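Peer 1: One structure follows; several queries about it will come next.
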Amino acid sequence: METSVPELASIGWRFENTYSRLPQVFFASAQPAVVSSPSVVILNDPLAADLGLNLQPVSSSTAAGLFAGQILPAGSQPIAQAYAGHQFGGFTMLGDGRAILLGEHRTPTGQLVDIQFKGTGPTRFSRRGDGRAALGPMLREYIISEAMFGLGIPTTRSLAVVTTGEPVFRETRLPGAILTRVAASHIRVGTFEFLAAREDTANLQVLADYAINRHYPELTGTPNRFLQFLRMVCNRQASLIARWQLVGFIHGVMNTDNMAISGETIDYGPCAFMNAYSPDTVFSSIDHAGRYAYGNQPGIAQWNLVRFAETLLPLLDSKIEQAIEFAKEILGEYPAMFQQYWLQGMRAKLGLTTEVDDDLELVQTLLTWMESVRADFTNTFRDLSEDEPRAGTPYDAPAFRTWYDRWKSRVQRENRPLSEVRTAMQRANPAVIPRNHLVEEALAAAHHGDLAPLHNLLRVLATPYTLDASSKTYREPPDDDRQYRTFCGT
Ligand code: AMP
Ligand code: MG
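The opening residue of the sequence shown carries number 24 in the working numbering; numbering runs sequentially from there.
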């Protein structure tokens with residue numbers, strides 16, 4: 024691998040490689056495969072700037088080589104991370120089968136972030152897979168992760184997508200691509216499960232301390248840190264899943280290997296945003312039983328956290344019965360944690376800053392009406408933040424009018440003019456989300472070399488709470504998307 028391209032020296036990488044200094048069982052060294060003709064599809068300039076990376080002087084062929092893993096940044100040390108996971112409930116040993124971690128980059132604000140390639144060829148963990156990725160799924164992750172960031176939801180970010188010049192073979196022949204992902208870390212519930220399955224308590228503690236140091240540094244060295252760590256991971260997940268629910272995001276494959284200890288949304292595969300409100304919404308082609316349906320996400324997160332707590336038992340107390348008691352107590356707090364974040368978010372969506380006992384019922388009545396008429400989740404809340412119900416719209420229905428009057432009298436108790444309440448609501452209710460048909464349009468155009476729809480979509484998704492003339496066309500929901508199916512990014 025070449026590292027001496029002069030333009031690269033000024034990019035500003037600052038690699039630290041803390042993960043590859045952990046014990047050998049945590050990873051395997053890995054090298055991106057050589058590819059024939061890498062070419063840049065998209066670079067995330069604002070993200071690069073935030074990371075302190077100066078890509079401006081870099082030629083597009085050098086950038087392509089860099090983000091295809093053909094020219095490794097100085098100081099990086101490529102590895103594939105070992106992990107396990109419960110996939111649709113069943114336990115499996117996994118690991119980065121098509122991803123390579125270059126190391127951790129220190130940003131100008133002092134934050135340490137993982138720089139990871141996805142689609143760079145086989146690793147020791149690839150099993151039967153080819154280690155490659157196709158252009159569509161990599162751009163899909165780029166779009167949805169950047170949309171989540173625009174919405175203010177914790178997420179991994181996407182720095183670049185390049186094509187490799189080589190085909191990948193799925194049901195059809197597709198253009199191969201590589202995504203460069205930036206994450207607080209890639210430590211998963213499954214990373215803990217990997218060590219627990221090996222009954223390697225010493226290294227489990229090494230991992231827990233590493234994760235604490237990176238994500239919960241205030242706990243470093245404290246005596247009860249593993250209990251607090253469990254509590255804080257549960258808390259961040261409760262907050263994260265509440266944020267998903269509040270925008271109608273469906274992850275699609277909430278396996279324990281796809282749940283990050285940092286509390287970021289990670290591993291965008293068959294994810295999609297809900298249009299019509301219905302808790303049983305599922306888009307993933309492989310989720311036949313609806314395990315990961317919209318309405319199941321809070322409970323599934325708890326199920327995953329139980330798996331996480333199980334791995335930590337040896338660290339929670341030397342006596343197993345006591346350790347189980349501690350874990351049960353913390354896990355038992357999760358439903359209330361989630362409910363609090365969710366209700367707080369729902370209050371904000373309805374323009375409420377004070378708390379009244381009936382608020383939950385007020386929210387539920389609205390949701391029940393929305394479900395009964397298949398109202399668009401995003402637009403219902405946004406419309407409420409913009410206008411009075413108008414004749415000739417679905418809001419003209421008596422059931423909605425009754426709820427609306429009730430909401431208005433509740434808003435009166437806020438002691439703020441309705442116009443002010445509505446302005447605040449617009450900051451809590453996005454006007455645009457990455458609707459499935461818009462994502463598909465952008466991907467189809469990109470497949471044919473037309474990147475304009477992709478760039479236009481990313482532009483409106485960057486400021487989803489602001490409605491301008493151009494974003495109006497992005498608000499229209501599809502007539503019916505019940506047949507829409509997403510596919511895993513493999
Ligand atoms: P995912 O569905 O992306 O969360 O991946 C689940 C597991 O399958 C992970 O261990 C991946 O590394 C592995 N995997 C997914 N796609 C491929 C592929 N094309 N080649 C090798 N491993 C893969
Ligand atoms: Mg995964």
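All C-beta atoms in this analysis are idealised placements derived from N, C-alpha and C, irrespective of residue type, glycine included. Since the model is a prediction, treat every value here as computed from it, not as a measurement.
Rounded to the nearest angstrom, what separates R508 and G313 at their Cα positions?
Peer 2: Locating residue 508 in the sequence shown gives position 485, counting from the first residue. Locating residue 313 in the sequence shown gives position 290, counting from the first residue. Straight-line Cα distance between these residues: approximately 13 Å.
Peer 1: From Y497 to A299, what distance separates their C-alpha atoms?
Peer 2: For the purposes of this step, residue 497 is taken as residue 474 along the sequence shown, with counting starting at 1. For the purposes of this step, residue 299 is taken as residue 276 along the sequence shown, with counting starting at 1. If you take the alpha carbons of Y497 and A299, they lie about 16 Å apart.
Peer 1: Within the same chain, show all residues whose beta-carbon is closer than 8 Å to that of S33, passing over the 5 residues directly before and after it, in chain order.
Peer 2: In the sequence shown, the residue the question calls residue 33 occupies position 10. Here the set comprises N77 and P80.
Peer 1: Could you tell me whether any non-hydrogen atom of the ligand AMP is closer than 8 Å to the CB of G159?
Peer 2: For the purposes of this step, residue 159 is taken as the residue at position 136 of the sequence shown. Outside the cutoff, so no.
Peer 1: So who's on the other strand from T203, going by DSSP bridges?
Peer 2: For this step, residue 203 is matched to residue 180 along the sequence shown. Answer is F140 and A183.
Peer 1: Which class does P55 belong to by DSSP, given the choice of helix, strand or coil?
Peer 2: Position 32 of the sequence shown, counted from the first residue, corresponds to residue 55. It is coil, neither helix nor strand.
Peer 1: Is it buried or exposed, F192, if we count other Cβ atoms within 10 angstroms and call 16 or more buried?
Peer 2: Walking along the sequence shown from the start, residue 192 turns up at place 169. Exposed is the call here.
Peer 1: Rounded to whole angstroms, what is the Cα-Cα separation between Q260 and E189?
Peer 2: Locating residue 260 in the sequence shown gives position 237, where the first residue counts as 1. Locating residue 189 in the sequence shown gives position 166, where the first residue counts as 1. Rounded to the nearest angstrom, the two C-alpha atoms are 38 Å apart.
Peer 1: Once DSSP output is grouped into helix, strand and coil, what is the label at S307?
Peer 2: Looking up residue 307 in the sequence shown gives position 284. Strand.
Peer 1: Note the first and the last residue of the continuous beta strand (DSSP E) segment covering L339.
Peer 2: As a working note, residue 339 is residue 316 in the sequence shown. That residue, L339, is in no beta strand (DSSP E); its alpha helix (DSSP H) goes Q320 to L339.
Peer 1: Quick check: C511 and G292, are their CB atoms within less than 9 Å of each other?
Peer 2: Position 488 of the sequence shown, counted from the start, is the residue given in the question as residue 511. Position 269 of the sequence shown, counted from the start, is the residue given in the question as residue 292. Their beta carbons are under 9 Å apart, which means C511 touches G292 by this criterion.
Peer 1: Skipping 5 residues on each side, what residues in its chain have a beta carbon closer than 6 Å to that of P131?
Peer 2: Position 108 of the sequence shown, counted from the start, is the residue given in the question as residue 131. Same-chain partners within the cutoff: G75.
Peer 1: By the DSSP assignment, the alpha helix (DSSP H) with T391 in it spans what residues?
Peer 2: By one-based count along the sequence shown, residue 391 stands at place 368. Unbroken alpha helix (DSSP H) run through T391: D382 to V396.
Peer 1: Should the stretch 97 to 112 be regarded as contacting the stretch 160 to 173, the criterion being three or more beta carbon pairs within less than 8 Å?
Peer 2: With the cut-off at 8 Å, the stretch 97 to 112 and the stretch 160 to 173 do not touch.
Peer 1: Leaving aside the five residues before and after G88 along the sequence, list all residues of the same chain whose C-beta is less than 7 Å from its C-beta, in chain order.
Peer 2: Translated into positions along the sequence shown, residue 88 becomes position 65. Excluding residues within five positions, the ones whose Cβ falls inside 7 Å are P61 and I94.
Peer 1: Measuring from each Cβ to the nearest heavy atom of the ligand MG, keep the ones under 6 Å and list them in chain order.
Peer 2: My final list is D280, N281 and D290.
Peer 1: At which residue ranges does the stretch 220 to 295 contain complete alpha helix (DSSP H) runs of 4 or more residues, listed in the order of the chain?
Peer 2: You should have 224 to 238 and 248 to 270.
Peer 1: To the nearest angstrom, how far is the alpha carbon of S421 from that of M297?
Peer 2: Reading the sequence shown from its first residue, position 398 is the one you call residue 421. Reading the sequence shown from its first residue, position 274 is the one you call residue 297. Note on identity: in this sequence residue 421 is Pro, with Ser being the wrong assignment. Approximately 25 Å, taken between the alpha carbons.
Peer 1: Given a threshold of 16 other Cβ atoms within 10 Å of its Cβ, counted over all protein chains shown, does P55 qualify as buried or as exposed?
Peer 2: Position 32 of the sequence shown, counting from 1, holds the residue named residue 55. With 16 or more other Cβ atoms within 10 Å, it is buried.
Peer 1: With a cut-off of 8 Å, do at least 3 Cβ pairs link the stretch 325 to 336 to the stretch 213 to 225?
Peer 2: Yes, they touch.
Peer 1: Any heavy atom of the ligand AMP inside 8 Å of the beta-carbon of Q54?
Peer 2: The residue given as residue 54 occupies position 31 in the sequence shown. No, since every heavy atom of the ligand AMP falls outside the 8 Å radius drawn around the Cβ of Q54.
Peer 1: Going by the DSSP bridge assignment, what does I102 pair with across the sheet?
Peer 2: Counted from its first residue, the sequence shown places residue 102 at position 79. DSSP output for I102 lists S52 and L124 as bridge partner(s).
Peer 1: In angstroms with no decimal places, state the Cα-to-Cα distance between Q110 and D280.
Peer 2: On the sequence shown, position 87 is the one that residue 110 refers to. On the sequence shown, position 257 is the one that residue 280 refers to. C-alpha separation (whole angstroms): 8 Å.
Peer 1: The ligand AMP heavy atoms versus the CB of L124: any closer than 8 Å?
Peer 2: Locating residue 124 in the sequence shown gives position 101, where the first residue counts as 1. No, the beta carbon of L124 sits no closer than 8 Å to any heavy atom of the ligand AMP.
Peer 1: Cα-Cα, which of I343, W365, Y364 and L339 is closest to I353?
Peer 2: By one-based count along the sequence shown, residue 353 stands at place 330. The shortest Cα separation from I353 among I343, W365, Y364 and L339 belongs to L339.
Peer 1: Would you identify the three-state DSSP class for M116, choosing helix, strand or coil?
Peer 2: Walking along the sequence shown from the start, residue 116 turns up at place 93. Correct three-state label for M116: strand.
Peer 1: Only counting the same chain, and skipping five residues up and downstream in sequence, which positions put a Cβ closer than 7 Å to that of L389?
Peer 2: Indexing the sequence shown from 1 puts residue 389 at position 366. Only W426 meet the Cβ criterion.
Peer 1: Quick one: is P160 buried, meaning 16 or more other Cβ sit within 10 Å of its Cβ, or exposed?
Peer 2: Locating residue 160 in the sequence shown gives position 137, where the first residue counts as 1. Under this definition P160 is a buried residue.
Peer 1: Which one of I273, N67, G322 and P453 has the shortest CA to CA distance from R204?
Peer 2: Along the sequence shown, read from residue 1 onward, the residue named residue 204 stands at position 181. The shortest Cα separation from R204 among I273, N67, G322 and P453 belongs to N67.
Peer 1: Looking at I264: is its Cβ nearer than 9 Å to the Cβ of P321?
Peer 2: Against the sequence shown, residue 264 aligns to sequence position 241. Against the sequence shown, residue 321 aligns to sequence position 298. Cβ atoms of I264 and P321: closer than 9 Å.
Peer 1: What residues are listed by DSSP as bridge partners for L197?
Peer 2: In the sequence shown, residue 197 corresponds to position 174, counting from 1. According to DSSP, L197 bridges with V191.
Peer 1: For the stretch 114 to 123 and the stretch 228 to 237, state whether three or more C-beta atom pairs, one from each stretch, are separated by less than 8 Å.
Peer 2: In short, these stretches do not touch, since the Cβ pair count stays below three.
Peer 1: Helix or strand or just coil, what does DSSP make of I209?
Peer 2: On the sequence shown, residue 209 is found 186 positions in, with the first residue counted as 1. Residue identity check: residue 209 is His in the sequence provided, not Ile. In this structure, H209 counts as coil in the three-state DSSP scheme.
Peer 1: Please state if the CB of C294 and the CB of Y357 are separated by a distance shorter than 9 Å.
Peer 2: To locate residue 357, count along the sequence shown from 1; it is residue 334. To locate residue 294, count along the sequence shown from 1; it is residue 271. Not a contact, by the Cβ cut-off of 9 Å.
Peer 1: The ligand SAM and G92: does any heavy atom of the ligand fall closer than 8 Å to the residue's C-beta?
Peer 2: Annotation note on the ligand SAM: not contained in the displayed structure, which lists the ligand AMP and the ligand MG as its ligands.
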